[in-house]
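Asks: Supplied in structure tokens, the structure appears directly below.
Protein chains: 2
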Amino acid sequence: MNPRAPQGYDPHAFTPFAVTVDLAVFTVRDGDLQVLLVERGQEPYAGRWALPGGFVLPRESAETAARRELAEETGLSDVSGLHLEQLRTYSEPERDPRMRVVSVAFAALGPDLPEPRGGGDAAQAQWRPFRAVGALAFDHDRILADAHDRIGAKLEYSCLATSFCPPEFTLGELQQVYETVWGTGLDRPNFRRKVLATPGFVEPVPGGARLTGGRGKPAALYRAGTAATLHPPLLRPTSPEGRSR
Amino acid sequence: MNPRAPQGYDPHAFTPFAVTVDLAVFTVRDGDLQVLLVERGQEPYAGRWALPGGFVLPRESAETAARRELAEETGLSDVSGLHLEQLRTYSEPERDPRMRVVSVAFAALGPDLPEPRGGGDAAQAQWRPFRAVGALAFDHDRILADAHDRIGAKLEYSCLATSFCPPEFTLGELQQVYETVWGTGLDRPNFRRKVLATPGFVEPVPGGARLTGGRGKPAALYRAGTAATLHPPLLRPTSPEGRSR
DNA sequence: TCAAAAGTGTTCGATGTACACCCATGG
DNA sequence: CCATGGGTGTACATCGAACACTTTTGA
Chain A
1 MNPRAPQGYD PHAFTPFAVT VDLAVFTVRD GDLQVLLVER GQEPYAGRWA LPGGFVLPRE
61 SAETAARREL AEETGLSDVS GLHLEQLRTY SEPERDPRMR VVSVAFAALG PDLPEPRGGG
121 DAAQAQWRPF RAVGALAFDH DRILADAHDR IGAKLEYSCL ATSFCPPEFT LGELQQVYET
181 VWGTGLDRPN FRRKVLATPG FVEPVPGGAR LTGGRGKPAA LYRAGTAATL HPPLLRPTSP
241 EGRSR
Chain B
1 MNPRAPQGYD PHAFTPFAVT VDLAVFTVRD GDLQVLLVER GQEPYAGRWA LPGGFVLPRE
61 SAETAARREL AEETGLSDVS GLHLEQLRTY SEPERDPRMR VVSVAFAALG PDLPEPRGGG
121 DAAQAQWRPF RAVGALAFDH DRILADAHDR IGAKLEYSCL ATSFCPPEFT LGELQQVYET
181 VWGTGLDRPN FRRKVLATPG FVEPVPGGAR LTGGRGKPAA LYRAGTAATL HPPLLRPTSP
241 EGRSR
């Protein structure tokens, strides 16, 4: 805050900025990490894919705006359960060729979300495999890469992975989240022990069991626990690669 | 609305915001964690302490603005070596009673920085012990607490601690950074081994040695290495407390 | 010669890793 | 009865916590 402004800011002391939110929404479908993208309808970057987002309205915070946009873009009526996390703010002067736009970026995670309804205009929205995403509009490549890095890192020391799972899930599904985001394989017995040894990470659903692949032994079901952080962390394999996949 | 906008945004689609930066600048002096604060000269919150900061100018990014403010407030001619890190953005509609202000918060770290020159006006700037900071203006309590949490967490898995040290430092000084920020004691022999076992964390200065407390064996000197992250991390003691202090 | 700070060695339990093995189910 | 995925047991290397001990300096 500028201590030199008399009372009420000097109207010439600041430039007005437009403030937007951009969302990197991830989901795991069919063992594949996917991102929600929209196709731009007009210039600049017409026809290019971009992250969904929009303006922050006069009476809302960036967090509120992000959740509103998330609901609009995914078409979900209840997004209150989805994990939404502020990433960082992108404010390079030239990031939007038209005017000065500062964007607060968010990462959002959800379990196998439904197909998005197309946006109001010609713009369409779609889930795209993360690994196959090409060049995006504006600085959205960078935002998406930062979001993926953050998610990957947070899996190590937080209980975030359960946000990618439905309310009841098997340990195999939870493991697949880690493997899908990290792009590595993990040892199933050790993963299992590690997760169960962390109090509050998951809690068993008493009578639950589900067949996952159609074959094999039915797996026990779990719910997300109350813990938020993982002590000690679940580190991703260091050198070349894990094992089974 | 910006006249450059070609077929740009609908002028009614967005509200203009003022964008500021707020800085939580930490330093370690006399084995104490200190924060740079400014005293506000006028309403609102006249006479209250606040984090330094100011408006983002038309042609600069938030990062550039933060570094400029940092130089102005600390009075240092060269702040290029100081660690500056974006924390998050605070955008609650009512966070400034006068108008809509979105603030990008940064955390900055430096080794035993000089006394700040007072700001141009009645406002004065001072180093204050972090543990003794009272209620600040606006939402700066929250920002400061978030900054401290972030710094503490980053010490665990990054080489950030060297940013609190002068160009050449002893392992005892480095350890004191951890102890000061975390508020715990650490076992010196184990700390030493851990640091030296991490390639690129520190590198020895060939002939260097320094007496730290006036008494005792002179300590070898080290420089910051090239590594940025710590694998494996240097976790802070879990339960009640460490040992020596 | 004592206090204080740096630095080394060693023990022991916890943790992670790799892998062998058994269990339940559908085709 | 075999493939497939869930779940258990175990041996071994590695790491970190705790603490005893030596070294070098100033008073």
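As given, the protein sequences belong to chains A and B, one line each in that order. Per full-length UniProt numbering, numbering through the first sequence is continuous, rising by one, with the last residue being 245. Per full-length UniProt numbering, numbering through the second sequence is continuous, rising by one, with the last residue being 245. Virtual Cβ for every residue (Gly too), placed ideally from N, Cα, C. Please read these numbers as outputs of a predicted model, since none were measured by experiment.
Does the Cβ-Cβ distance between residue 62/A and residue 25/A come in under 7 Å?
Replies: To locate residue 62/A, count along the first sequence from 1; it is residue 62. To locate residue 25/A, count along the first sequence from 1; it is residue 25. Against a cut-off of 7 Å, the Cβ pair of residue 25/A and residue 62/A comes out as no contact.
Asks: Under 8 Å, with one C-beta from each stretch per pair, do the segment 162 to 176 of chain A and the segment 203 to 213 of chain A reach the 3-pair mark?
Replies: Touching, yes, given that three or more Cβ pairs across the two stretches are closer than 8 Å.
Asks: Do the CB positions of residue 38/A and residue 50/A come within less than 7 Å of each other?
Replies: Here residue 38/A refers to the residue found at position 38 when the first sequence is read from its first residue. Here residue 50/A refers to the residue found at position 50 when the first sequence is read from its first residue. Yes.
Asks: Taking one C-beta from the segment 135 to 142 of chain B and one from the segment 71 to 86 of chain B each time, how about it: are there three or more such pairs within less than 8 Å?
Replies: In short, these stretches do not touch, since the Cβ pair count stays below three.
Asks: Should residue 291/A be labelled buried (16 or more other beta-carbon atoms within 10 Å of its own) or exposed?
Replies: There is no way to answer for residue 291/A, as the model of chain A reaches only from 1 to 245.
Asks: Looking at the secondary structure, which residues open and close the beta strand (DSSP E) in which residue 87/B lies?
Replies: Sequence index remark: in the second sequence, residue 87/B carries index 87 (1-based). Start and end: 83 to 90.
Asks: Mark residue 100/A as exposed unless 16 or more other C-beta atoms lie within 10 angstroms of its C-beta, in which case mark it buried.
Replies: Within the first sequence, residue 100/A is the residue found at index 100, counting from 1. Its Cβ being crowded by 16 or more others within 10 Å, residue 100/A is buried.
Asks: At 3 residues or longer, and completely inside the UniProt domain "Nudix hydrolase" (16 to 158) of chain A: list those beta strand (DSSP E) runs for me, N to C.
Replies: Within the UniProt domain "Nudix hydrolase" (16 to 158) of chain A, the complete beta strand (DSSP E) runs of at least 3 residues are 18 to 29, 32 to 39, 53 to 55, 83 to 90, 101 to 111 and 125 to 129.
Asks: Out of 134/B, 186/B, 125/B and 158/B, state which residue places its alpha-carbon closest to the alpha-carbon of residue 70/B.
Replies: Along the second sequence, read from residue 1 onward, the residue named residue 70/B stands at position 70. Cα-wise, what sits closest to residue 70/B is 125/B.
Asks: Out of 77/A, 78/A, 93/A and 28/A, which has the shortest C-alpha to C-alpha gap to residue 18/A?
Replies: On the first sequence, residue 18/A is found 18 positions in, with the first residue counted as 1. Of the candidates 77/A, 78/A, 93/A and 28/A, the one whose C-alpha sits nearest the C-alpha of residue 18/A is 93/A.
Asks: For the putative contact between residue 165/B and residue 129/B, defined by C-beta atoms under 8 Å, what is the C-beta separation to the nearest angstrom?
Replies: On the second sequence, position 165 is the one that residue 165/B refers to. On the second sequence, position 129 is the one that residue 129/B refers to. With 8 Å as the limit, residue 165/B and residue 129/B do not qualify as a contact, their Cβ atoms being about 19 Å apart.
Asks: Measuring alpha carbon to alpha carbon, tell me which of 53/A, 27/A, 195/A and 201/A ends up nearest residue 115/A.
Replies: What you label residue 115/A is simply residue 115 of the first sequence in a count that begins at 1. Measuring from the Cα of residue 115/A, the nearest candidate turns out to be 27/A.
Asks: What is the DSSP secondary structure of residue 230/B, counted as helix, strand or coil?
Replies: Taking the second sequence and counting its residues from 1, one reaches residue 230/B at position 230. Of the three classes helix, strand and coil, the one that applies to residue 230/B here is coil, per DSSP.
Asks: Taking residue 59/B as the reference, give the member of 102/A, 188/A, 222/A and 143/A with the closest Cα.
Replies: Taking the first residue of the second sequence as 1, we reach residue 59/B at position 59. Considering only alpha carbons, the answer is 102/A.
Asks: Please report whether the beta-carbon of residue 106/B lies at a distance below 7 Å from any beta-carbon of chain A.
Replies: Position 106 of the second sequence holds residue 106/B. No, its Cβ sits nowhere closer than 7 Å to a Cβ of chain A.
Asks: If the cut is a Cβ gap below 9 Å, which residues of chain B does residue 56/A touch?
Replies: Walking along the first sequence from the start, residue 56/A turns up at place 56. Within chain B, the residues near residue 56/A are 14, 15, 17, 91 and 102.
Asks: Taking all protein chains shown into account, do 16 or more other C-beta atoms lie within 10 angstroms of the C-beta of residue 217/A, making it buried, or fewer, making it exposed?
Replies: Taking the first residue of the first sequence as 1, we reach residue 217/A at position 217. Exposed: under 16 other Cβ atoms inside 10 Å.
Asks: For the beta strand (DSSP E) that contains residue 221/B, what are its first and last residues?
Replies: Working through the second sequence from its first residue, we reach residue 221/B at position 221. Residue 221/B -> beta strand (DSSP E) spans 219 to 224.
Asks: Using the three-state DSSP reduction, which class does residue 168/A fall into: helix, strand or coil?
Replies: Numbered from its first residue, the first sequence carries residue 168/A at position 168. Residue 168/A falls in the coil class under three-state DSSP.
Asks: Looking at chain A, is there any beta carbon in it that lies within less than 7 Å of the beta carbon of residue 59/B?
Replies: Within the second sequence, the letter at position 59 stands for residue 59/B. Residue 59/B counts as touching chain A.
Asks: Which residues of chain A have a Cβ atom closer than 7 Å to the Cβ of residue 126/B, listed in chain order?
Replies: Stepping through the second sequence from its first residue, residue 126/B is reached at position 126. Result: empty, since nearest Cβ-Cβ is about 13 Å, beyond 7 Å.
Asks: When we look at the beta-carbon of residue 281/A and count the other beta-carbons within 10 Å, is it buried (16 or more) or exposed?
Replies: The question about residue 281/A has no answer, for chain A in this structure spans 1 to 245.
Asks: Rounded to a whole number of angstroms, what is the C-alpha to C-alpha distance between residue 45/A and residue 158/A?
Replies: Counted from its first residue, the first sequence places residue 45/A at position 45. Counted from its first residue, the first sequence places residue 158/A at position 158. Roughly 37 Å separates the two Cα atoms.
Asks: What's the C-alpha gap between residue 182/B and residue 236/B?
Replies: Locating residue 182/B in the second sequence gives position 182, where the first residue counts as 1. Locating residue 236/B in the second sequence gives position 236, where the first residue counts as 1. Straight-line Cα distance between these residues: approximately 8 Å.
Asks: With 16 other CB atoms within 10 Å as the buried threshold, where does residue 107/A fall?
Replies: Working through the first sequence from its first residue, we reach residue 107/A at position 107. With 16 or more Cβ atoms within 10 Å of its Cβ, residue 107/A is classed as buried.
Asks: Would you say residue 248/A reaches chain B, if we count a Cβ-Cβ gap shorter than 7 Å as a contact?
Replies: For chain A, the structure presents residues 1 to 245; residue 248/A sits outside this window and is missing.
Asks: So, helix, strand or coil for residue 204/A, using DSSP?
Replies: For the purposes of this step, residue 204/A is taken as the residue at position 204 of the first sequence. Three-state result, residue 204/A: strand.
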